[in-house]
Amino acid sequence: MRRFYRFTSLLPASDFWPLIFCLWLLTSDFCSVQDLIIHHIDVGQGDCTLIQTCCKTILVDAGNSGKGECVVIPYLKSLKVSRINHVIASHYHADHIGGLDEVLDVFGVDTVFDRGSLHTVPRSNIYASYVKAIVRTPRVTAQPGTKYGIGRGLVLRFVAADGKCEGDHPAGIDPATERSIDENSLSIGFTITFVDTVIQSTTNPELRTRYTYFTGGDLTGYDDRDAIDLETSVASIVGHADAMKVNHHGSRTSTNPMFISTLSPACVFISLGRNNSYGHPAPVVIARLQQHPTIQWIYQTEGKATVSPKQKIVGTSVLNFYAKGDSSYFTVEWKADGRSRHFYRCGNSKLTAAP
3 MRRFYRFTSL LPASDFWPLI FCLWLLTSDF CSVQDLIIHH IDVGQGDCTL
53 IQTCCKTILV DAGNSGKGEC VVIPYLKSLK VSRINHVIAS HYHADHIGGL
103 DEVLDVFGVD TVFDRGSLHT VPRSNIYASY VKAIVRTPRV TAQPGTKYGI
153 GRGLVLRFVA ADGKCEGDHP AGIDPATERS IDENSLSIGF TITFVDTVIQ
203 STTNPELRTR YTYFTGGDLT GYDDRDAIDL ETSVASIVGH ADAMKVNHHG
253 SRTSTNPMFI STLSPACVFI SLGRNNSYGH PAPVVIARLQ QHPTIQWIYQ
303 TEGKATVSPK QKIVGTSVLN FYAKGDSSYF TVEWKADGRS RHFYRCGNSK
353 LTAAP
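For what it's worth, this note's numbering labels the leading residue of the sequence shown as 3, then goes sequentially.
If you want it as structure tokens, here you go:
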């Protein structure tokens, strides 16, 4: 079977989606190599993810102030990263953007994506340092529904940002809403999908999604005093995901039942600090993840001793996705308790050994 892939700089694809995969033709054997690496970096109570493809390096958040210098920069250098193509600031809380200015002082960056400034931005030194650090870097406001090619067959798709989801109609700011919406609800949510194509014609290709990963910062899943339920809308857009990062460090305000049942991932990742004052992850969220039949493991960077059979405290973990012939699979590796690895076939069927 022939498949088409895209090698391109980060360019919007929403207006010519049917033709994206008609630009290149590669044999299936060419893609029987590692296609996507996602590093969930342990930055304590905060968040940081590094995404690597064959031609792009993308950093999502960098933890609190100090974590950029003492954790993220050494980690990137250990991987021989010399330049970051794209930075995504999921939202403007300190435990997500606090270390970004430190990272940007060391590495060149091509583009920064964030939620923009339509809603009120924090009056904090952390946010001011972030803005100062990106002043010479092209800054793009993430728009839900926009798709970008980031590697062979790999597409990054923004599905939520600034309190809106893909398909929402733009609207002016309601002062009442402006006062009540929380920064968490403004988080950027996006998917990375591996898609191949069977060409029926150049104007009507048949697309096949073989892998989906989702991450959403501190995206909220319940209507509360300060939060709005965005997860339910996001779930209907994303559908099934093979793996995902749990929103908001496993807070009780996120990961609602519909969201987790719709995505039905094979494994999930939670980024949080040991003995954190927020009580993350919430026991009700862990119970929900534990009881869901498709979830095989819950990987945490830090946290209390394991209280669920599926929980694993792993520190930094690395997800490796592979496309091999007409099948695809991924692995999760970590070193917290010696080098360990789990294998998954895309579609929730667990593997016990590499294909």
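From the three backbone atoms N, C-alpha and C, an ideal C-beta is built for every residue, glycine too.
Identify every residue that forms a DSSP beta bridge with S2.
Outside the shown range of the chain (3 to 357) lies residue 2, about which nothing can therefore be said.
Does the Cβ of P267 have 16 or more other Cβ atoms within 10 Å, making it buried, or fewer, making it exposed?
Your numbering for residue 267 matches position 265 in the sequence shown. Buried is the call here.
Return helix, strand or coil for A130, following the three-state DSSP convention.
Residue mapping note: residue 130 aligns to position 128 of the sequence shown, counting from 1. The answer is helix: DSSP assigns A130 an H, G or I state.
Which one of C269, V287, A289 and R290 has the shortest CA to CA distance from L321?
Counting from 1 along the sequence shown, the entry for residue 321 is found at position 319. Minimum Cα distance to L321 is reached at C269.
For Y277, does the three-state DSSP call read helix, strand or coil?
Indexing the sequence shown from 1 puts residue 277 at position 275. One point to set straight first is that residue 277 is Asn, not Tyr, in the sequence displayed. DSSP places N277 in coil when its eight states are reduced to three.
Is the Cβ-Cβ distance between V53 and I43 less than 9 Å?
On the sequence shown, residue 53 is found 51 positions in, with the first residue counted as 1. On the sequence shown, residue 43 is found 41 positions in, with the first residue counted as 1. Val is not the amino acid found at residue 53; the sequence shown has Ile there. For I53 and I43, no; Cβs fall outside 9 Å.
Using a threshold of 9 Å, state whether the C-beta atoms of I262 and L221 are closer than that.
In the sequence shown, residue 262 corresponds to position 260, counting from 1. In the sequence shown, residue 221 corresponds to position 219, counting from 1. No; because the gap between Cβ atoms is not below 9 Å, this pair is not in contact.
With C-beta atoms as the reference, is K166 less than 9 Å away from L158?
One-based indexing of the sequence shown puts residue 166 at position 164. One-based indexing of the sequence shown puts residue 158 at position 156. The answer is no: Cβ separation not under 9 Å.
For L188, which option in H41, H98 and Q293 has the closest C-alpha, if you only look at C-alpha atoms?
Here residue 188 corresponds to residue number 186 of the sequence shown, with the count starting at 1. Ranking H41, H98 and Q293 by Cα distance to L188 puts H98 first.
Which runs of the alpha helix (DSSP H) at least 4 residues long sit entirely within the segment 195-264? Give them in chain order.
Runs found: 233-240.
For I128, I'd like the list of residues in its chain whose CB is within less than 6 Å of its CB, leaving aside the five on either flank, ordered along the chain.
In the sequence shown, the residue the question calls residue 128 occupies position 126. So the qualifying residues of the chain are A96 and G100.
Just confirm the distance between the C-beta atoms of Q298 and K312, as a whole number of angstroms; I'd bet it's less than 8 Å.
By 1-based counting over the sequence shown, the position of residue 298 is 296. By 1-based counting over the sequence shown, the position of residue 312 is 310. About 7 Å separates the two Cβ atoms, so the contact holds.
Straight-line CA distance for F160 to E168?
Locating residue 160 in the sequence shown gives position 158, where the first residue counts as 1. Locating residue 168 in the sequence shown gives position 166, where the first residue counts as 1. Looking at the two C-alpha atoms, the distance is approximately 8 Å.
Who are C269's beta bridge partners in DSSP?
By one-based count along the sequence shown, residue 269 stands at place 267. A245 and W299.
Report the residue from L232, T318 and H88 whose alpha carbon sits nearest the alpha carbon of V105.
To locate residue 105, count along the sequence shown from 1; it is residue 103. The candidate whose alpha carbon is nearest that of V105 is H88.
What residue range is occupied by the uninterrupted beta strand (DSSP E) comprising H88?
The residue labelled residue 88 in the question sits at position 86 within the sequence shown. Taken as a continuous stretch (DSSP letters only), the beta strand (DSSP E) holding H88 covers R85 to I90.
Would you tell me roughly how many angstroms separate the C-alpha atoms of S329 and D184, rounded to the nearest one?
For the purposes of this step, residue 329 is taken as the residue at position 327 of the sequence shown. For the purposes of this step, residue 184 is taken as the residue at position 182 of the sequence shown. Their Cα atoms are separated by approximately 42 Å.
For the candidate residues V197, A91, Q145 and A144, whose alpha-carbon lies nearest to that of G151?
The residue labelled residue 151 in the question sits at position 149 within the sequence shown. Among V197, A91, Q145 and A144, the Cα nearest to that of G151 is on V197.
How about K69 and V45: do their beta carbons lie closer than 9 Å?
One-based indexing of the sequence shown puts residue 69 at position 67. One-based indexing of the sequence shown puts residue 45 at position 43. Yes. Within cutoff.
Just tell me which of E71, R254, V62 and A245 has its CA closest to the CA of Y301.
What you label residue 301 is simply residue 299 of the sequence shown in a count that begins at 1. Y301 has its Cα closest to that of A245, out of E71, R254, V62 and A245.
For H41 versus T211, is the C-beta distance shorter than 9 Å?
As a first step, residue 41 is located in the sequence shown; it is residue number 39 there, counting from the start. As a first step, residue 211 is located in the sequence shown; it is residue number 209 there, counting from the start. Not in contact: H41 and T211 (Cβ atoms no closer than 9 Å).
Taking T217 as the reference, give the member of I230, A229, H251 and Y224 with the closest Cα.
Residue numbering aside, residue 217 sits at position 215 when the sequence shown is read from its first letter. The shortest C-alpha separation from T217 is found at H251.
Check whether the Cβ atoms of D37 and C56 sit closer than 9 Å, and answer yes or no.
Here the question's residue 37 lines up with position 35 in the sequence shown. Here the question's residue 56 lines up with position 54 in the sequence shown. Yes, they are a contact pair.
What residues match up with A163 in a beta bridge as DSSP calls it?
Here residue 163 corresponds to residue number 161 of the sequence shown, with the count starting at 1. K166.
Taking the continuous alpha helix (DSSP H) assigned at K79, which residues delimit it?
Residue mapping note: residue 79 aligns to position 77 of the sequence shown, counting from 1. Element bounds for K79: I75 to S80.
Name the two residues that bound the continuous beta strand (DSSP E) containing I53.
Translated into positions along the sequence shown, residue 53 becomes position 51. T51 to T55 is the span of the beta strand (DSSP E), which, as asked, contains I53.
Please report the straight-line C-alpha distance between L353 and V334, rounded to a whole angstrom.
In the sequence shown, counting from the first residue as 1, residue 353 sits at position 351. In the sequence shown, counting from the first residue as 1, residue 334 sits at position 332. Low confidence applies here, because L353 scores a pLDDT of 40, under 50, leaving its location unreliable and the question unanswered by this model.
Decide if F9 is buried, meaning its Cβ has at least 16 other Cβ atoms within 10 Å, or exposed.
Walking along the sequence shown from the start, residue 9 turns up at place 7. Unreliable placement is indicated for F9, whose pLDDT of 34 sits below 50; no coordinate value is reported for it.
Determine the direct distance from the alpha carbon of Y324 to that of S67, and round the result to whole angstroms.
For the purposes of this step, residue 67 is identified with residue 65 of the sequence shown, where counting begins at 1. For the purposes of this step, residue 324 is identified with residue 322 of the sequence shown, where counting begins at 1. About 34 Å.
Indicate whether the contact test is met: 3 or more Cβ pairs, each with one atom in the segment 109-116 and one in the segment 126-140, closer than 8 Å.
They touch, by the three-pair rule.
What is the residue span of the beta strand (DSSP E) that D116 lies within?
As a first step, residue 116 must be located in the sequence shown, where it is residue number 114. Element bounds for D116: G110 to D116.
How would you call L81, buried or exposed, if buried means at least 16 neighbouring beta carbons within 10 angstroms?
The residue given as residue 81 occupies position 79 in the sequence shown. L81 should be labelled exposed.
Which one or two residues does DSSP pair with G340 in a beta bridge?
One-based indexing of the sequence shown puts residue 340 at position 338. Beta-bridge pairing links G340 to A338.
Do the CB positions of N249 and S238 come within less than 9 Å of each other?
Position 247 of the sequence shown holds residue 249. Position 236 of the sequence shown holds residue 238. For N249 and S238, no; Cβs fall outside 9 Å.
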